[in-house]
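Sequences listed follow chains B and S, in order.
Quick note on this note's numbering: the first sequence kicks off at 1 and runs consecutively.
Quick note on this note's numbering: the second sequence kicks off at 1 and runs consecutively.
Virtual Cβ for every residue (Gly too), placed ideally from N, Cα, C.
There are 2 protein chains.
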Amino acid sequence: MPERRRRPTLKDIAEETGLSSAAVSYALRGLQVPVQTQERVREAADRLGYTGDPIARALASGRTGNVGLLCGSLEDIWQQSLAAALGRGLLGVGRQALIVDATNNPDQERKLAMQLVDQRVDALIAMPVDPKAAHWAAVAERVVLVSIGDGLPGAAAAAEVVFDNEAAVADALRELANAGHRRITVLTSVAASTPDRPAEAVVHRVGPALGITAGLLTAPYDLAGATSAALRMLTGPDRPTGVLCLSDSLAYGVYAAARELGLRIPDDLSIMGFDDHPLSALLTPPLSSYRWPVEELVATVVRLTLDAIEATDSGSRSRRRVLVAQPRRRGSVGAVRSVGALG
Amino acid sequence: MPERRRRPTLKDIAEETGLSSAAVSYALRGLQVPVQTQERVREAADRLGYTGDPIARALASGRTGNVGLLCGSLEDIWQQSLAAALGRGLLGVGRQALIVDATNNPDQERKLAMQLVDQRVDALIAMPVDPKAAHWAAVAERVVLVSIGDGLPGAAAAAEVVFDNEAAVADALRELANAGHRRITVLTSVAASTPDRPAEAVVHRVGPALGITAGLLTAPYDLAGATSAALRMLTGPDRPTGVLCLSDSLAYGVYAAARELGLRIPDDLSIMGFDDHPLSALLTPPLSSYRWPVEELVATVVRLTLDAIEATDSGSRSRRRVLVAQPRRRGSVGAVRSVGALG
DNA sequence: GACAGGTGGTGAACCGCTTCACTGATGCGC
DNA sequence: GCGCATCAGTGAAGCGGTTCACCACCTGTC
Chain B
1 MPERRRRPTL
11 KDIAEETGLS
21 SAAVSYALRG
31 LQVPVQTQER
41 VREAADRLGY
51 TGDPIARALA
61 SGRTGNVGLL
71 CGSLEDIWQQ
81 SLAAALGRGL
91 LGVGRQALIV
101 DATNNPDQER
111 KLAMQLVDQR
121 VDALIAMPVD
131 PKAAHWAAVA
141 ERVVLVSIGD
151 GLPGAAAAAE
161 VVFDNEAAVA
171 DALRELANAG
181 HRRITVLTSV
191 AASTPDRPAE
201 AVVHRVGPAL
211 GITAGLLTAP
221 YDLAGATSAA
231 LRMLTGPDRP
241 TGVLCLSDSL
251 AYGVYAAARE
261 LGLRIPDDLS
271 IMGFDDHPLS
281 ALLTPPLSSY
291 RWPVEELVAT
301 VVRLTLDAIE
311 ATDSGSRSRR
321 RVLVAQPRRR
331 GSVGAVRSVG
341 ALG
Chain S
1 MPERRRRPTL
11 KDIAEETGLS
21 SAAVSYALRG
31 LQVPVQTQER
41 VREAADRLGY
51 TGDPIARALA
61 SGRTGNVGLL
71 CGSLEDIWQQ
81 SLAAALGRGL
91 LGVGRQALIV
101 DATNNPDQER
111 KLAMQLVDQR
121 VDALIAMPVD
131 PKAAHWAAVA
141 ERVVLVSIGD
151 GLPGAAAAAE
161 VVFDNEAAVA
171 DALRELANAG
181 HRRITVLTSV
191 AASTPDRPAE
201 AVVHRVGPAL
211 GITAGLLTAP
221 YDLAGATSAA
231 LRMLTGPDRP
241 TGVLCLSDSL
251 AYGVYAAARE
261 LGLRIPDDLS
271 IMGFDDHPLS
281 ALLTPPLSSY
291 RWPVEELVAT
301 VVRLTLDAIE
311 ATDSGSRSRR
321 RVLVAQPRRR
331 GSVGAVRSVG
341 ALG
């Protein structure tokens with residue numbers, strides 16, 4: 001058997017062309033050497049089938065061209081599709097995304113962020129589980145950090161695309177209140193260890209003014225988990241008449257639970273989602289939700305990331321972008337009809 | 001400003017402990033040196049906050065501990081959730097998954113596979129866009145290759161988990177035929193360049209025997225694209241009474257199109273999906289589909305991958321596993337009622 | 001004809017780890 | 001007391017690039 005041929009290296013091209021490997025390195029990157037030498041080198045490289053070694057390059061230069069994409073939880077269907085879209089967007093500008101999943105766990109998040117940094121990603125795009133965690137400052141000082149969703153305190157991130165959750169949550173609560181709902185549950189997936197997210201603060205601030213009692217409940221993103229949490233909520237005392245889910249994934253669980261209990265939506269139970277996954281419009285009734293402009297989001301994140309990577313001239317362009325949710329009012333919210341016991 | 005402190009390296013630990021860096025390297029990996037020295041070294045490493053450099057390690061040893069996960073198309077919602085689940089499964093055994101998206105494009109697939117190999121993944125798990133492509137043999141000879149879905153010809157893969165698509169497609173067609181459907185369209189997402197997938201062969205083989213005419217139609221995975229393809233299909237001549245979608249993502253598009261056209265499911269149109277994404281049961285009516293046992297799939301793939309990585313003793317265990325779909329008969333398939341013109 | 005300055009390169013250090021070949025000391029049997 | 005393993009550890013050579021310092025040569029100029 002012919003022994004596995006070694007992959008060609010700079011040195012091989014150097015021997016082919018009679019140059020030094022340093023010259024070849026420069027030539028392939030279009031530096032320092034006259035154009036005709038570059039041509040000669042490129043031709044030889046093609047002939048030998050040379051493709052650089054990204055690992056060696058990374059060790060020497062500290063750069064890879066890759067971008068880390070750290071998702072808070074890939075169990076959330078919206079984050080799944082956003083991650084996929086961002087991956088495609090980055091591929092479109094010649095960069096490979098390394099997608100990893102913090103599984104809604106701040107410790108994992110820190111660990112994975114450090115791992116990505118160690119792998120020499122040129123930038124790290126994060127959808128933070130815990131925006132207030134201390135590790136972000138440490139990460140930001142070692143890599144270009146771009147955050148999506150909640151802003152990081154202290155301007156840690158090199159750039160951020162912030163969701164105006166406050167406004168959207170307030171709007172949602174107002175709409176539920178207008179429809180006559182007084183007992184409302186806000187469903188979130190946040191781990192207990194990360195207190196007072198912006199969205200939750202809003203609940204406490206706006207709720208009283210609207211005359212509503214809003215309870216907070218935590219549920220996992222996966223359908224089975226969300227469903228059983230919703231079942232407990234709907235069979236417990238003081239069943240809410242309206243539920244605001246801080247992610248569509250959670251709303252799906254409420255749909256499933258309502259179906260299981262024979263509750264009609266929106267007659268017996270009003271539901272609002274958040275993020276507006278494309279499928280939400282397909283449910284019966286279609287889920288009311290708050291949509292972030294995804295195409296714009298992806299384009300903005302990609303551009304900001306590229307800018308930040310190339311920014312020796314830090315501070316020229318705006319590094320912060322606030323996204324406003326577009327309400328999608330659909331059939332899952334209605335006026336309170338049946339007040340009282342279940343069934 | 002205190003200059004950014006260099007991260008500790010083996011040499012730093014060597015100086016701390018009075019050993020050579022070679023000894024430290026061995027000690028940290030629990031090799032060659034007596035246990036008490038290992039202890040001493042580990043203690044010093046912790047004290048200095050040493051975390052190895054994966055890039056340097058990769059260059060020297062050719063291994064990283066990472067596993068590449070090459071998805072055919074992350075636009076498919078089922079692949080999204082499978083990728084997320086596999087990522088978690090691999091993380092659970094201490095390996096980071098690098099998830100990348102071939103965007104349903106064989107060229108991208110080849111390119112990304114090579115990139116992952118260059119990044120020294122210990123194994124590459126692929127859900128092939130084009131199982132018959134020539135590049136798989138080349139990939140397999142450079143890395144441990146595990147395929148999911150369609151088998152690779154010539155036993156290229158070190159291990160594979162194969163979906164028994166034939167049986168499931170045949171079953172689906174039979175069920176539609178039994179319900180009285182004669183004009184059936186099979187919706188697939190396969191690029192035109194990859195002819196005769198197993199599933200399509202079945203259509204041609206089984207169709208005639210059942211007395212049905214089955215047309216093949218290609219549509220993209222994303223909801224908007226699938227919807228407009230479905231719209232064309234449903235407004236064209238010879239509108240089918242039954243549609244078999246080779247992925248739930250495509251079925252969602254048919255649901256959307258049917259709703260837009262005012263067609264009732266299943267009265268005017270029967271729909272079958274494939275893969276059974278969790279959300280499919282939540283639609284109205286719930287989508288009939290063919291479910292692959294995902295937990296088992298993930299566990300199997302993870303185990304086979306680990307085995308294959310450690311396999312110097314190649315061939316001890318079974319390297320091939322065939323998964324059989326579990327039919328989920330739900331409300332989206334019914335007997336043919338309204339034959340004739342639309343509306 | 002000496003010198004400055006630009007051109008077209010070269011050699012070697014370096015990135016941080018793994019691994020091979022080798023050395024000194026120690027233990028052991030007889 | 002000798003030969004031979006075994007043990008604990010060392011030095012240096014990779015891995016395949018990038019980058020710095022430097023050099024030889026040519027050209028133009030005063």
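Who are the neighbours of residue i on chain B, taking C-beta pairs under 7 angstroms?
| i | result |
| --- | --- |
| Asp53 (chain S) | Asp118 |
| Glu358 (chain S) | Because chain S is modelled from 1 through 343, residue 358 (chain S) falls outside the range shown and cannot be assessed. |
| Pro278 (chain S) | Leu223 |
Have a look at the DSSP bridge pairing and note the partners of residue i.
| i | result |
| --- | --- |
| Gly242 (chain S) | S:Ile184, S:Ser270 |
| Thr218 (chain B) | B:Thr188 |
| Pro54 (chain S) | Note: Pro54 (chain S) sits in no beta bridge, so no partner. |
| Tyr290 (chain S) | S:Pro327 |
| Asp275 (chain B) | B:Arg291 |
| Arg321 (chain B) | B:Val161 |
| Asp101 (chain S) | S:Cys71 |
| Ile148 (chain B) | B:Val161 |
| Ala45 (chain S) | In DSSP, Ala45 (chain S) forms no bridge with anything. |
| Leu124 (chain S) | S:Gly68, S:Leu145 |
| Thr213 (chain S) | S:Arg183 |
So residue i contacts chain B; which residues on that side make the cut at Cβ distance below 8 angstroms?
| i | result |
| --- | --- |
| Gln96 (chain S) | Val100, Leu112, Gln115 |
| Ser81 (chain S) | Ile77, Gln80 |
Between the C-alpha atoms of residue i and residue j, what's the straight-line distance to the nearest angstrom?
| i | j | result |
| --- | --- | --- |
| Ala156 (chain S) | Ala137 (chain S) | 6 angstroms |
| Arg424 (chain S) | Leu210 (chain B) | Because residue 424 (chain S) is not part of the residues shown, which for chain S are 1 to 343, the question remains open. |
| Gly62 (chain B) | Val139 (chain B) | 16 angstroms |
| Ala281 (chain S) | Ala126 (chain B) | 32 angstroms |
| Leu176 (chain B) | Pro128 (chain B) | 28 angstroms |
| Ala23 (chain B) | Asp107 (chain S) | 32 angstroms |
| Asp276 (chain S) | Val143 (chain S) | 31 angstroms |
| Trp292 (chain B) | Tyr255 (chain B) | 22 angstroms |
| Pro131 (chain B) | Ala258 (chain B) | 33 angstroms |
| Ala192 (chain B) | Leu217 (chain B) | Confidence at Ala192 (chain B) is low in this model, with a pLDDT of 48, below 50, so its placement is unreliable and the value that follows should be read with caution. The straight-line gap from Cα to Cα measures roughly 10 angstroms. |
| Ala299 (chain S) | Cys245 (chain S) | 27 angstroms |
| Arg120 (chain S) | Leu19 (chain S) | 30 angstroms |
| Thr37 (chain B) | Leu124 (chain S) | 38 angstroms |
| Thr103 (chain S) | Glu75 (chain S) | 7 angstroms |
Got a sec: is the Cβ-Cβ distance from residue i to anything in chain B below 8 angstroms?
| i | result |
| --- | --- |
| Ser21 (chain S) | no |
| Leu31 (chain S) | no |
| Thr37 (chain S) | no |
| Thr9 (chain S) | no |
| Leu70 (chain S) | no |
| Leu59 (chain S) | yes |
| Thr393 (chain S) | Any property of residue 393 (chain S) remains undetermined from this structure, which presents chain S solely from 1 to 343. |
| Thr300 (chain S) | no |
| Ile13 (chain S) | no |
Between residue i and chain S, is any beta-carbon pair separated by less than 8 angstroms?
| i | result |
| --- | --- |
| Ser193 (chain B) | With a pLDDT of only 47 at Ser193 (chain B), under 50, the local geometry of the prediction cannot be trusted, and the value read off the model is given with reservation. So no, Ser193 (chain B) is outside the interface. |
| His87 (chain B) | The question names His, yet the displayed sequence has Gly at residue 87 (chain B). Yes, Gly87 (chain B) counts as interfacial toward chain S. |
| Ala56 (chain B) | yes |
| Leu124 (chain B) | no |
| Leu386 (chain B) | An answer regarding residue 386 (chain B) cannot be provided, because it is not within the stretch 1 to 343 covered by chain B. |
| Leu48 (chain B) | no |
| Leu216 (chain B) | no |
| Thr17 (chain B) | no |
| Leu103 (chain B) | One detail in the question is off: residue 103 (chain B) reads as Thr in this sequence, not Leu. So yes, Thr103 (chain B) belongs to the interface. |
Residue i touches chain B at which residues, Cβ-Cβ below 9 angstroms?
| i | result |
| --- | --- |
| Leu283 (chain S) | Leu279, Leu282, Leu283, Thr284 |
Whose Cβ in chain S lies nearer than 7 angstroms to the Cβ of residue i?
| i | result |
| --- | --- |
| Thr305 (chain B) | The premise fails here: Thr305 (chain B) is roughly 17 angstroms from chain S at the closest Cβ pair, so nothing lies under 7 angstroms. |
Could you tell me whether any non-hydrogen atom of the ligand ADP is closer than 7 angstroms to the CB of residue i?
| i | result |
| --- | --- |
| Ala258 (chain B) | Ligands displayed in this structure: none; no statement on the ligand ADP is therefore possible. |
Using a beta-carbon distance cut-off of less than 8 angstroms, what residues from the stretch 243-256 of chain B approach chain S? Tyr252, Tyr255, Ala256
Output, in sequence order along the chain, the residues in the stretch 226-241 of chain B whose CB is closer than 7 angstroms to any CB in chain S. none
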